[in-house]
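Here is the structure we will look at.
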Amino acid sequence: MKEFRDIELKWQKKWEKDKVFEAEENRKKEKCYIVEFFPYPSSYGLHMGHAINYSIGDVFARYKRLKGFSVLYPMGYDAFGLPAENAAIKEGVHPRKYTEKSIQNFLYQQKRLGLSYDWNRLIKTCDVKYYKWNQWLFLKFFEKGLAYRTKAPANWCDSCGTVLANEQVEDGECWRCRSKVEIKQLEQWFLRITKYADELLSDLKKLDGWPHRIKLMQENWIGRSQGTEIDFKLKGSNEKLKVFTTRPDTLWGVTFMVLAPENPLVTELVKGTMYEKKTKDFIDKVVLEEKFERTAEDKEKEGLFIGKYAINPVNRDDVPIYIANFVLLEYGTGAVMAVPAHDQRDFEFAKKYKLPIKIVIKPENHDLDPEKMMKAYIEPGIIVNSDKKFNGKKNLEASTEISKYLEEKKLGRKMVQYKLRDWLISRQRYWGTPIPIIYCEKCGAVPAEIPVLLPEDVKFSGKGNPLARNEKFVNARCSKCSGKARRETDTMDSFIDSSWYFLRYCDNKNDKKIFDSKKVDYWVPLDYYIGGAEHAVMHLLYCRFFTKALRDLGLLKIDEPVINLFNQGMINKGGEKMSKSRGNIVDPMSIVDNYGADTLRTYLLFLSAPDKDKEWDDEAIDGVYRFLRKIYSFKERVKVKSSIKDKLLESKLNRTIKEVALDIEEFKFNLAISRLMQLTNFIYNNKENVSLKVFETSFGKILIMLSCFAPHLAEELWKGEGYVCLAEWPDVDESKIDESLEKEEEQTEKIIEDINHVVKLIKKDVKKCFVYTLPKEEKIYKDNIETISMKTNLEIKIFSVNDKNKYDPEKKAAKAKAGKPAIYLE
RNA sequence: GCGGGAGUGCCGGAGUCUGGAAAACGGAUACGGUCGAGGUCCGUAUGGCUUAGUGCCUACGCAGGUUCAAAUCCUGUCUCCCGCACCA
28 MKEFRDIELK WQKKWEKDKV FEAEENRKKE KCYIVEFFPY PSSYGLHMGH
78 AINYSIGDVF ARYKRLKGFS VLYPMGYDAF GLPAENAAIK EGVHPRKYTE
128 KSIQNFLYQQ KRLGLSYDWN RLIKTCDVKY YKWNQWLFLK FFEKGLAYRT
178 KAPANWCDSC GTVLANEQVE DGECWRCRSK VEIKQLEQWF LRITKYADEL
228 LSDLKKLDGW PHRIKLMQEN WIGRSQGTEI DFKLKGSNEK LKVFTTRPDT
278 LWGVTFMVLA PENPLVTELV KGTMYEKKTK DFIDKVVLEE KFERTAEDKE
328 KEGLFIGKYA INPVNRDDVP IYIANFVLLE YGTGAVMAVP AHDQRDFEFA
378 KKYKLPIKIV IKPENHDLDP EKMMKAYIEP GIIVNSDKKF NGKKNLEAST
428 EISKYLEEKK LGRKMVQYKL RDWLISRQRY WGTPIPIIYC EKCGAVPAEI
478 PVLLPEDVKF SGKGNPLARN EKFVNARCSK CSGKARRETD TMDSFIDSSW
528 YFLRYCDNKN DKKIFDSKKV DYWVPLDYYI GGAEHAVMHL LYCRFFTKAL
578 RDLGLLKIDE PVINLFNQGM INKGGEKMSK SRGNIVDPMS IVDNYGADTL
628 RTYLLFLSAP DKDKEWDDEA IDGVYRFLRK IYSFKERVKV KSSIKDKLLE
678 SKLNRTIKEV ALDIEEFKFN LAISRLMQLT NFIYNNKENV SLKVFETSFG
728 KILIMLSCFA PHLAEELWKG EGYVCLAEWP DVDESKIDES LEKEEEQTEK
778 IIEDINHVVK LIKKDVKKCF VYTLPKEEKI YKDNIETISM KTNLEIKIFS
828 VNDKNKYDPE KKAAKAKAGK PAIYLE
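According to the working numbering, the first sequence is numbered sequentially starting from 28.
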């Protein structure tokens, strides 16, 4: 509808001109900081998921403003990243141009949705004013030993031409392009996130406002396990082989050992022996070809004896050393002691390679026979065949004693292990923040002067990192000795950008400091952070890590960045996720063109609770459109015939104000909208029977509530001072809420329904209707006689059942019950 | 395998925390009305039976249990979605 379009554009312009949504640190007000995951600006523009995401945040921001909060609600763009660079290679556009264009498109579309961002706080991560502070932070981390460089096996995505962090590998595939990831040995920069592993885990308990499942996913990802590290001596050598186990109680049951094939010790051990060739072949096969299939649980276990033995420190047994595909270098010490009797993996391996199975724990009631066992016995039991100190004890209790015993004998120590690895942040790509390091022939890796500008003049060939071929960029002077030096050409993972952007919003124009702590302290932590669940173990873990690291640098006073995390549901169409490849996407902007932004926003929130998945329905949107048009129709006031519905309207209005506020606080926007619909329908149906004064004050209050969902329409119809979006949320007048009056209305509706029902049944021409009520209900129906008459199109006469003079030729009055009067028609 | 979430009319979804006449709100379809036609708008119907009536039966994935009373609480089970997965 063109009218809606004009209205929306008009108000969008006015809001912008009057800087209506600019935030300020008003210390007299309570603050509320609301952020949505900032988008990667793709050239396709907003998709429906964005539209939902921002609609949720906008409703809440608008609501909090109406409630008198000082609200910061900013937007930014996660503008570095691969798609822009790939487009550059494919289409020959410079990534900066491509990105700027996409940003302009996003910005235009977001404004067209009427989102109430403080655009003055805009952030673009590809802007040197932003990424300079990435570099600053990196150098701080470097100084504190939180950033370090090392040669390590890295996840390599050949199609992206770069390495990936563990979090960015999903099922052995690149999270972005879905191609197979391989392992390469490379010298790379890491951030020591593992330093915070324990705190990241234990602080999850503080996050009451986070969805349970996100916390669980992080907990699993961090993967803390407590155990014991035990030293095995190599036979015929003084060298030690360390293993990590959570089951020291099974130590006497060790019958072999297994090393991860890529464990550097392995090549050393077989050097010069007859096993060297076989071992090398095995390693090549397992490590290079099968890195990721290898971690599947149903993968057949494969191993190889490497000709060496270790000595069990507690019983001096010789145990053969194997390498096998089921042991991972990254976890623990990359070596395990194998106890086939009590570990399923070891059991399967032992069966396959005919290794002995020795029972050291048995159930209380019966004995185990290693020959007949079909699987490992992993339940609790009694220790047997071990040291006499422990035999006969319950294994769970003995476990700690054994660990202590090992510690005393200096054979082992208690230890905590994590699955969490350090964060690999080097990317062999152009479109990112340059890592501000210079390699000097004399001084080694030294900090570069920042900002290290990303050179604009580069050539994209599609192979390798264009920065590395840019002589002007690469050649540098050492910042310490001015000697000949070479610049680091890797750029940072763009997840660095998103790990702290919410802090920069608070002071986005500061060119002296990363941010002014006073400003940040006022706004952070985020009161509400809204976005999809796909970032559970990437962004949401990294930003927690950065918060803690920045706190330890003295820049922040908080431990956790986000109080309440809200995950919106996914939008489906035809039972499937909306996606380009399925061809079932609906472009939000096409809906805006046809129905307007107000309709789209309201519809998206009305579909279902914001945290639930949604099913897009092309037709159902008409319902919301009708609702908004109905509201718009009140622009022209009809003739007032009476004021008999004033009290009822005020009652409903006040109840609605109360309920809608509660619904919004609980993010039940779908319910809030349905209540506004009900109230609107009531007014619409009774518009001639409400006095002008009551109508206008009520309608004004409705518009304030409506302004959260359909802000343009609300502004257009608002007759109060200033902007409706800067008004005050209406107070609830409890005294106006009249339960019995509303009940009367229900009863009236009911009798109308009954009369109409009967009229239809008897299929006769009816003109008059006689209603017989219980004496105490007589008044209710008499008060509403006009409504009943009007809606049944009959002449109505109401009698109390005890009225002796009533007209009742067929003695129907006897059927009257409480709330259900009897009827006679003629 | 482990963990999390969900199953309610023709459809999307309320209701579940806190047990008390299930189906708010919206959509679709059909019929009727309004209208010059279309759209709009209004009304009625959409599990079964029955009717000068407001009644009865059946129903909240399935099966049990607790209770005067269960969509709601408990136990078991099936299906679907999501996450993790040889972590020693």
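Note that CB positions come from ideal geometry on N, CA and C, so glycine has one too.
Keep in mind that this is a model prediction, so the values were computed, not measured.
>> In the DSSP assignment, the beta strand (DSSP E) including Q18 goes from what residue to what residue?
In response: This structure does not reach residue 18, given that the chain is present from 28 up to 853, and the question cannot be answered.
> Tell me, which residues are paired with F271 by DSSP?
Replying inline: DSSP lists E256 as partners of F271.
> From R32 to G623, what distance separates their C-alpha atoms?
Replying inline: 6 Å
> Should the stretch 543–556 be called in touch with the stretch 489–502, which here means at least 3 C-beta pairs below 8 Å?
Replying inline: no
> Relative to the alpha-carbon of E256, which residue among S264, A840, V270 and L243 has its alpha-carbon at the smallest distance?
Replying inline: V270
>> With a threshold of 8 Å on Cβ separation, who are the neighbours of E771 within its own chain once the five nearest residues in sequence on each side are excluded?
In response: The answer, listed in chain order, is I807, D810 and N811.
> Between F542 and L530, which are expected to be in contact by the criterion C-beta below 8 Å, what is the C-beta distance as a whole number of angstroms?
Replying inline: Here F542 really is in contact with L530; their C-beta atoms are around 6 Å apart, less than 8 Å.
>> Whether or not the stretch 509–527 and the stretch 458–466 are in contact is what I'm after, with contact meaning three or more pairs of Cβ atoms, one per stretch, closer than 8 Å; do they touch?
In response: With a cut-off of 8 Å, the stretch 509–527 and the stretch 458–466 count as touching, because enough Cβ pairs lie within range.
> Are the beta-carbon atoms belonging to A700 and F736 less than 8 Å from one another?
Replying inline: The amino acid at residue 700 is misidentified as Ala; the sequence shows Ile. Against a cut-off of 8 Å, the Cβ pair of F736 and I700 comes out as a contact.
> Taking Cβ to Cβ, would you say T724 is nearer than 8 Å to R702?
Replying inline: no
>> Our contact map puts L655 next to I34 with C-beta atoms below 8 Å; I'd like the distance itself, whole angstroms only.
In response: At roughly 11 Å, the Cβ-Cβ gap does not stay under 8 Å, so L655 and I34 are not in contact.
> Any chance the stretch 82–97 sits against the stretch 744–764, with 3 or more Cβ pairs inside 8 Å?
Replying inline: yes
> Going along the chain, which unbroken runs of the alpha helix (DSSP H) with 4 or more residues stay wholly within the stretch 402–474?
Replying inline: 422–435
> Any idea which residues DSSP pairs N591 with across the strands?
Replying inline: G236 and Y555
> Where do the N-terminal and C-terminal ends of the beta strand (DSSP E) with T800 fall, by residue?
Replying inline: K795 to T800
> Taking the C-alpha atoms as reference points, what is the distance between K211 and G188?
Replying inline: 12 Å
> Leaving out the 5 sequence neighbours to the left and right, which residues in its chain are closer than 8 Å to P482 when beta-carbon positions are compared?
Replying inline: L494, N497, K499 and F500
> Are there three or more Cβ pairs, one per stretch, closer than 8 Å when the stretch 709–716 is compared with the stretch 671–680?
Replying inline: yes
>> Closest to T800 by C-alpha separation, out of E837, K847, I782 and Y135, would be which residue?
In response: Closest by alpha carbon: K847.
>> Going by DSSP, what residue range makes up the alpha helix (DSSP H) through G727?
In response: L719 to L733
> Given a threshold of 16 other Cβ atoms within 10 Å of its Cβ, counted over all protein chains shown, does R139 qualify as buried or as exposed?
Replying inline: A residue is called buried when at least 16 other Cβ atoms come within 10 angstroms of its Cβ; R139 meets this threshold and is buried.
> According to DSSP, what are the bridge partners of R513?
Replying inline: Note: R513 sits in a beta bridge opposite Y466 and N502.
> Can you list, in chain order, the stretches of the alpha helix (DSSP H) that have 4 or more residues and sit fully within the stretch 38–126?
Replying inline: 75–93 and 109–118
>> If you measure between the beta carbons of H935 and P68, is that distance less than 8 Å?
In response: No statement about residue 935 is possible, as the shown extent of the chain runs from 28 to 853 and does not include it.
> What three-state label does DSSP hand F487 in the structure shown?
Replying inline: In the structure shown, F487 sits in coil (DSSP, three-state: anything other than H, G, I, E or B).
> Is DSSP giving Y380 helix, strand or coil here?
Replying inline: In the three-state reduction of the DSSP assignment, Y380 falls in the coil class, being assigned neither a helical nor a strand state.
> Which two residues bound the contiguous alpha helix (DSSP H) that contains D579?
Replying inline: H566 to D579
>> List, from N- to C-terminal side, the alpha helix (DSSP H) runs of 4 residues or more that fit wholly inside the stretch 262–312.
In response: 291–297 and 303–310
> When burial is assigned at 16 or more other CB atoms within 10 Å of the CB, is V828 buried or exposed?
Replying inline: buried
> How many Å lie between E780 and A840 at the Cα?
Replying inline: 18 Å
> Just to confirm, are V411 and I386 a CB contact at a threshold of 8 Å?
Replying inline: yes
> Out of curiosity, what's the CA-to-CA distance linking W458 and S525?
Replying inline: 15 Å
>> Please list the terminal residues of the continuous alpha helix (DSSP H) segment that includes N712.
In response: F696 to N712
> Relative to the alpha-carbon of P407, which residue among E43, S413, D765 and E391 has its alpha-carbon at the smallest distance?
Replying inline: Measuring from the Cα of P407, the nearest candidate turns out to be E391.
> For the beta strand (DSSP E) that contains P738, what are its first and last residues?
Replying inline: Where P738 is concerned, there is no enclosing beta strand (DSSP E), although the alpha helix (DSSP H) it sits in stretches over P738 to L744.
> Considering only C-alpha positions, which residue in the set I778, K842 and V293 is nearest to M817?
Replying inline: I778
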